[in-house]
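Report on the structure given below.
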Amino acid sequence: MHSFRELLQYSYLILSFARRDIRARYKQTVLGAAWAIIQPLSLMVVFTLVFDKVARISTDGTPYPLFSFSTLIFWSFFASTMTQGTLAMTSNATLVRKIYFPRETLLIAILLSAGVDFLVACGMLAALMVFYGATASWTMLWVLPLLGIQVLFAFALVCLTSAIHVYFRDIGHGLTLGLQLWMFATPVAYPLSVVPEGIRSLYLLNPMVPIIDGYRRALLYHQTPDLPRLGITLVAVVALLGLTYFTFKRAERTFADVI
Amino acid sequence: MDGRPVLAFDNVSKRYRLKRGWHFASLREGLSRARRRLFASNGASADYFWALRDVNFQIQRGESVGLIGSNGAGKSTTLKILSRVTVPTRGTFSAVGKIGALIEVGAGFHPDLSGRENVFLNGAIMGMTRSELERKFDSIVAFADIDRFVDTPIKYYSSGMAVRLGFAVAAHINPDILLVDEVLAVGDAAFQAKCLNKLAELREQATTIILVSHNMTNIVQHCNRVLWMDRGTVRAAGEPEAIVEEYLQSVQPQKASTAGGSVIDDDAPVRVASVVIRNHRGEADAPLSYGSAGCFEVEYEVVAPVPDAVLGVSFENAYGAPLGGLTSRLAGIKLDVSRPRAVMRLVLDPVIFTRGLYKLSVSIQDEKLQRFFDVKPRMTTFTVDGPSLASREVAGHVIYPHHWQQDGDA
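Structure (structure tokens):
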């Protein structure tokens, strides 16, 4: 409870870190914020070539670029919060070593700054939807709670991974690879329906599955997400968050000694 | 002194891991260490280092406490615990009030951001709010004296400007407790004076100040109590001048240990052999007296006769600040190199040093002062008796022969 009240006092610091991250990211770049959409856009092009033109995956009539981009931007958001969040303590090592402040402010700031990039990408998605003549629907509002769960999940994970990274740099090396494998174990580039029945139950253990699948249902197919599964995911995420946040707060007291 | 301390260390101990910069460099090492710990119960203590052991002290509101001690004594660890950057391994630390730290000022600067952006960022890191920063912004910029460059990225600042800006932000935190770590050493003389004024101002507002410094003059001038730390414990605590003197006496033997060796190579043609200091009564190794004569007898060896060798003698105060020196060249006197051993005397009449401890360095140079034949830095020390001048009063250690005149006097 004490840490939440303290966190509130430091809300200005969170905003300041977020602003620093955003400003610093695009200083001395020519393309600036365009970089925020170049990454998901190029993945979309690659996926379109591989999954649409070569593998000819069925998307129930949705143009494949739109089909993949509608989930890619959410995944990119997730992946960048994971990557930057995991490295947050060590990339601010001088601060952590010298000055006291609640360390999770760095993590929340990254959720915010990555969120700005994500918003830019959302604009791109909207343009793409208009281009392909997709229609609007109330189900699209499901994106907000889905996004909420995703952000909580990412925060819970980086509480753990950033603390581990202080002690073991291995996690930084494994992260990029892990996230790539994880993306292919999540229905980002293909529909859930192509997952074979035999491994379906195993596949569904991935908490990102109902979230990513949910975005696509809500945005492209005017459907509600798989609510029972999403409920389980939510409970699991909240439990995980409680655990990892507590662990993080315990560990942060001696970050300065080991970082 | 109103009863309850604002800062208290209660049996505080702090342990660090020793190996590889105090953390496991990789998962593999961590795992192997864990396995060793499981299967071998002994020998684990060798991996650890106790930076603090059972440290106890209490600091009252409004006190200015100096923390002194040689490197590795535990000052930085103490500061880290005080600033809540880390926690004690054992024991408890308690604090009442807002703590601000002037530790490595500018640690939170981002090189790509402008001075203005960095003021807000750095202020936020130190716990200031937006409105507070907006209110103090002009004063911060004025203090740092960088107003022309507020919108320039910090990376184009000179290091002095960046440090000034960092200090300016920190100086505006207005905490209840301020931790200061050696920052008084930054900036030019004018900026240092500004910083010292700020410290004095904060002290007047009953801010509790903890000052860590190797500059004993600053410690004596700005603290009303000193904690002397030694190998992780508090060795002594009390009145600044007494503790500082005791501390300096204790580190003296090590510093003056160069008496045997020369910093110049062994085949120097002329070498300083020994030095004897006599007071006005001719007594060796007795304190000199302010206002009376003092004699410095330097014996030197001549290995190979070189022409034009001159003797240099220079003085430092106990804290290592140079107090000037003399060479025999000034009087046009060269060393006598015709004999293998000879003595040259420097007589100061009168001795103008104030009471205290001084260090003596001796050198032999060629007449053009371009080449050192021998240098014996801090070869020996001597004490001076005389009027006790609180070092608060004069920022030096000599009283020049002088008198004052004021308009209107006869």
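Chains as they are written, first to last, in the working numbering: chain A, 1147 to 1405; chain B, 2 to 411.
C-beta: ideal position from N, C-alpha, C; glycine also.
- Your pair PRO270(B) and ALA305(B) checks out as a contact, with CB atoms roughly 4 angstroms apart and the cut at 8 angstroms.
- Sorting PHE1401(A), PHE1299(A), ILE1310(A), LEU1327(A) by C-alpha distance to the C-alpha of ALA1385(A) places PHE1299(A) at the top.
- Note: PHE10(B) is bridge-paired with PHE58(B), PHE94(B) in the DSSP secondary-structure output.
- Below the 8 angstroms Cβ cutoff, chain B contributes no neighbours of TYR1210(A), its closest Cβ being approximately 39 angstroms away.
- The beta-carbon separation of VAL1312(A) and MET1235(A), rounded to 5 angstroms, stays under the 8 angstroms limit for a contact.
- In this structure, LYS1244(A) lies near ILE104(B), with their beta-carbon atoms less than 8 angstroms apart.
- Taking C-beta separations shorter than 6 angstroms and ignoring five residues to either side along the sequence, the partners of ARG54(B) in its chain run SER14, GLY233, THR234, following chain order.
- For SER1162(A), the neighbours in chain B by C-beta distance under 8 angstroms run, in chain order, PHE121, LEU122, ALA125, ILE126.
- Here GLY292(B) has PRO351 as same chain residues with Cβ atoms under 6 angstroms from its own Cβ, once five neighbours each way along the sequence are excluded.
- Residue pairing by DSSP places ALA285(B) opposite ARG279(B) in a beta bridge.
- For ARG1363(A), the number of other beta carbons within 10 angstroms of its own is at least 16, and it is reported as buried.
- In this structure, the straight-line span from the alpha carbon of THR1390(A) to that of GLU1398(A) is close to 12 angstroms.
- Across the structure, LEU327(B) and VAL311(B) are spaced so that their CA atoms are roughly 11 angstroms apart.
- Within 7 angstroms of the CB of THR1390(A), no CB atom of chain B is found; the nearest one sits about 19 angstroms away.
- Neighbours of ALA1170(A) across chain B, judged by C-beta separation under 9 angstroms: HIS111, PRO112, ASP113, LEU114.
- Think of a sphere of 7 angstroms around the beta carbon of THR1400(A): the chain B residues whose beta carbon falls inside it are THR87, VAL88, in chain order.
- The C-alpha of SER1222(A) lies about 7 angstroms from the C-alpha of PRO1186(A).
- For ARG131(B), the residues of chain A that pass the 7 angstroms Cβ criterion are TYR1158, in the order they occur in the chain.
- Counting along the chain, the unbroken beta strand (DSSP E) around PRO378(B) starts and ends at 373 to 386.
- Counting along the chain, the unbroken alpha helix (DSSP H) around LEU203(B) starts and ends at 190 to 205.
- HIS398(B) sits buried, since 16 or more C-beta atoms from the chains shown fall within 10 Å of its C-beta.
- Checking the DSSP bridge columns, you'll see ASP1167(A) has no partner listed.
- Contact annotation, PRO1342(A) with TYR1278(A): C-beta distance approximately 29 angstroms; criterion of less than 8 angstroms not satisfied.
- Neighbours of ARG1166(A) in chain B, taken as residues whose beta carbon is under 8 angstroms from its own, are HIS111, LEU114, GLU118, LEU122 in chain order.
- Residue-level contact check: TYR158(B) does not touch chain A, since none of the beta carbons of chain A fall below 8 angstroms from its beta carbon.
- Neighbours of SER84(B) in chain A, taken as residues at a C-beta separation under 9 angstroms, are given in chain order as LYS1244, ILE1245, TYR1246.
- Minimum Cα-Cα distance from GLN61(B) among the listed residues VAL344(B), ALA9(B), GLY128(B), PHE50(B) corresponds to ALA9(B).
- A Cβ-Cβ distance of about 18 angstroms is found for the pair PHE1394(A) and ALA1260(A), leaving them out of contact under the 8 angstroms criterion.
- With fewer than 16 neighbouring CB atoms inside 10 Å of its own CB, GLN206(B) falls in the exposed class.
- A straight line joining the alpha-carbon of GLY67(B) with that of PRO112(B) spans about 33 angstroms.
- Rounded to the nearest angstrom, the gap between the Cα atoms of ILE1219(A) and ALA1182(A) is 10 angstroms.
- Any Cβ of chain A closer than 8 angstroms to the Cβ of ALA96(B) would place that residue at the interface, and such an atom is absent.
- Within the segment 10 to 21 of chain B, those residues whose Cβ lies closer than 7 angstroms to any Cβ of chain A are, in chain order, TYR17.
- Annotation for TYR1349(A): ALA1331, VAL1341, VAL1355 place their beta carbon closer than 8 angstroms to its own, counting only its chain and skipping 5 residues before and after.
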